[in-house]
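Numbering follows my numbering, in which position 130 of the sequence shown is assigned residue number 763; successive positions increment by one, without gaps.
Glycine residues also receive a C-beta, built at the ideal position from the N, C-alpha and C atoms.
Here the structure is a predicted model, which is why all the values come from computation and not from measurement.
So the structure is just underneath, and the comments pick up after that.
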Amino acid sequence: MPARASSPSPARSGAQSSSCVTQVEPEDDAAITRRLKLEAAVTARAKGTRERVRRMSPSWFSVTMGTGIVHTLLFLLPWPSTHAVFRDIGLVFLVATMLLFICFSIAHVSRYIIFRGIFGVMIRHESHSLFLGTIPMGFVTIVSGIVVEGYAFNLPHVVYAASGLWWLALVMSMLTATAVPYAMMTLQKQSQQGLTALWLLPVVPPITVAAVGSSIAADLVDDDPSYALTILLTSYVMLGIGFLLAFMILTLYFERLTMHHMPAREVIVSTFLPLGPCGQAGYALIELGKVCMTLFPALAARNPDRPGRKDLSPVGPAMYGCGLVLGLMLWGLGMWWALLAIVSVGQSFMNPKETTFSMGWWSFTFPLGSMTLLTLSLASAFDSLFFKVVATIMTGAVLALWLLVAIPTAIGFVRGTQVFQAPCLADLPDKEARETVPTTTPRARASSARTYSIIAGVSSGAYELVDRLPAHVSNSNGDDTQTTAASFSA
């Protein structure tokens, strides 16, 4: 709708009137119609493969994270009598994770090639860009599965192939841990009240890479201790980057919760995300310490003429001890976050009829699975029946939650319903919007026309009311007039 020019009131100055009209200038007919059609295409049911690919956001890689962590937990259950059974079940989850990651990768590459402009609006979106961190985390769970299965099937050379994939995962992790925060600082409009635990997603991948690096280094101690040392030191560096960044974000997140209360119902499941860095970091510290216990004496024995390597031998037990202490502390912190998340989600979901499934529900699986990994590591370190039982119960909970979210995800994929939400597409420019938004049906066009008529009528009345505001309102406080006009515009 064209801007409605109004003659200045006698009590208003020309500059004030001009400033007010500039502040409240509405969108024209074409812009409003385009936005209505675009939002309808984003929230409506996705029909056909092309539309599903267009609206497949990076959050789909959280499916590979949740599926991959189930394989690792089933493989590490501390009961030898049932190990063979659960290992075979876990292998099915690993194969499923690989297939899902390949399919999602093809779909995402096709999405950004076919539909121009989507990557730009996605990286500028305050929440959808954060899910780029799920890509390296989903990939590194596959690397972890390859390592443990190669060891189980006595395939020593598999670890070298896995180490090559691990370096690729490291590069991907550093890209997300650097590029996404940079985009948050320069391209996005963030606020403290809008801060959620989703901020952790881009910075947690380096922690996960460090945790998987401990498994690779442990398998290389006997055959190639020098390469194992390289992976060990790199894992500690990655752990420092990821965990310290995550700790800073957790501090800000705690402040946000105390100042602005719990997040909205739509993202309340994200309160489980703080379990991820606590569990992964604790697990990495303990397992890297175990590697130091065996690797440093091996390096000293192989290099007796190198004082630096010889002096490392007594350092291993100290690093393992520090890892155990910090692991216990992080386990306690993670359990505190878990209790807070359970209470928050339980209170929010007290009315099941108002509960709507979304891809955010996958936040249940990987963070809780990470805490279970830490529990399993503590059970092995202390040979504690308590930690073994708790880890088994938590593994069962992760498997149950996986079923809880996997079934509606599969149904939503087939039906093209709520799992294909991509609100960032509403920010597409006109040219890209015309190329990516499918042609609407006559019924949809009629509905959009009716909606536009209502909005146009309300907007017209609102701007007439703004123009007729008493003169003393503008003279007393010009900001009030602009604030009123801005609210009518919204």
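In three-state terms, what does DSSP make of Met755?
helix
Out of Val780, Met992, Pro839 and Thr841, point me to the one whose CA is closest to Pro849's CA.
Reading the sequence as shown, one finds Ile at residue 849 and not Pro. Closest in alpha carbon position to Ile849, among Val780, Met992, Pro839 and Thr841, is Val780.
Compute the Euclidean distance between the alpha carbons of Leu966 and Cys911, then round it to the nearest angstrom.
Rounded to the nearest angstrom, the two C-alpha atoms are 7 angstroms apart.
Neighbourhood of Phe694 by C-beta, 8 angstroms cutoff - its chain only, sequence neighbours within 5 removed:
Phe734, Phe737, Phe764, Thr767, Ile768, Met770 and Gly771
How is the alpha helix (DSSP H) around Phe1046 delimited, first residue to last?
Taken as a continuous stretch (DSSP letters only), the alpha helix (DSSP H) holding Phe1046 covers Leu1018 to Arg1048.
Near Ile882, which residues of its chain fall below 6 angstroms by C-beta distance, leaving aside the five closest residues on each side in sequence?
Trp832 and Leu833
Distance, Cα to Cα, Ile756 vs Leu820?
8 angstroms
Alpha carbon of Met968 to alpha carbon of Leu908, nearest angstrom
Here the C-alpha atom of Met968 lies approximately 8 angstroms from the C-alpha atom of Leu908.
Validate contact between the region 924-942 and the region 1030-1038 using beta carbons, cut 8 angstroms, 3 pairs
no
Expressed to the nearest angstrom, what Euclidean distance is found between the alpha-carbon atoms of Leu707 and Met952?
About 28 angstroms.
Given the structure, does Ile849 come close to the ligand GDP, in the sense that its CB is under 7 angstroms from one of the ligand's heavy atoms?
You won't find the ligand GDP in this model; it holds no ligand whatsoever.
Which residue spans inside the region 919-993 form an unbroken alpha helix (DSSP H) run of at least 4?
940-944 and 948-981
Measuring CB atoms only, is the region 996-1015 touching the region 784-792, in the sense that at least three cross pairs come out at less than 8 angstroms?
no
Leaving out the 5 sequence neighbours to the left and right, which residues in its chain are closer than 7 angstroms to Val754 when beta-carbon positions are compared?
Cys1057, Leu1058, Asp1060 and Leu1061
Residue nearest to Tyr793 in terms of C-alpha spacing, selected from Ser762, Met805, Ala1043 and Asp857:
Asp857
Going straight from the alpha carbon of Met698 to that of Arg678, what length do you get?
26 angstroms
With distances taken between CB atoms, is the gap from Ile702 to Thr998 smaller than 8 angstroms?
Yes.
Give me, in chain order, the residues of the same chain whose beta-carbon lies closer than 6 angstroms to that of Val773; leave out the 5 immediate sequence neighbours on both sides.
Ala802, Thr841, Val842 and Val845
Using three-state DSSP, classify Phe708 as helix, strand or coil.
In the structure shown, Phe708 sits in a helix (DSSP, three-state: H, G or I).
Could you check if Leu928 is buried or exposed, using at least 16 other CB atoms within 10 Å of its CB as the buried criterion?
Under this definition Leu928 is a buried residue.
On the premise that Gln1051 lies in contact with Thr989, defined as a C-beta separation below 8 angstroms, what is that separation, rounded to the nearest angstrom?
7 angstroms
Let me know the secondary structure DSSP gives Asp857 once reduced to three states.
coil
Do you know offhand how far Ala1079's Cα is from Met1004's?
Annotation note: pLDDT 47 at Ala1079 (below 50); position unreliable, coordinate value reported separately. Cα to Cα, the separation comes out at about 52 angstroms.
Looking only at C-alpha atoms, which of Gly956, Phe1019 and Ser760 sits nearest to Lys822?
Ser760
Less than 6 angstroms between C-beta atoms, sequence neighbours within five positions excluded: which residues of the same chain meet that for Pro1000?
Phe905, Leu906, Leu908 and Gly909
Quick check: what's the CA-CA separation for Val836 versus Arg935?
37 angstroms
Which residue from Leu853, His704, Arg898 and Val718 puts its Cα closest to that of Leu932?
Leu853
Mapping DSSP to helix, strand and coil, what is Pro769?
helix
Inter-residue CB distance, Ser868 and Leu808 (contact presumed, cutoff 8 angstroms)
Their Cβ separation, rounded to whole angstroms, is 18 angstroms, which puts Ser868 and Leu808 out of contact at 8 angstroms.
Please name the residue in Ala851, Met983, Gly827 and Gly1029 whose C-alpha comes closest to that of Tyr886.
Gly827
Cα-Cα separation between Phe1019 and Glu684, rounded to whole angstroms:
50 angstroms
Which same chain residues, not among the five before or five after His893, have their C-beta less than 8 angstroms away from its C-beta?
Gln825 and Gln826
With DSSP collapsed to three states, give me the class of Phe748.
In this structure, Phe748 counts as coil in the three-state DSSP scheme.
What residue from Ala974, Pro839 and Tyr860 has the CA that sits closest to Ala875's CA?
Inspection of the sequence shows that residue 875 is occupied by Gly rather than by Ala. Nearest C-alpha to Gly875: Pro839.
Is it true that the CB of Val686 sits closer than 8 angstroms to the CB of Ser743?
Yes. Within cutoff.
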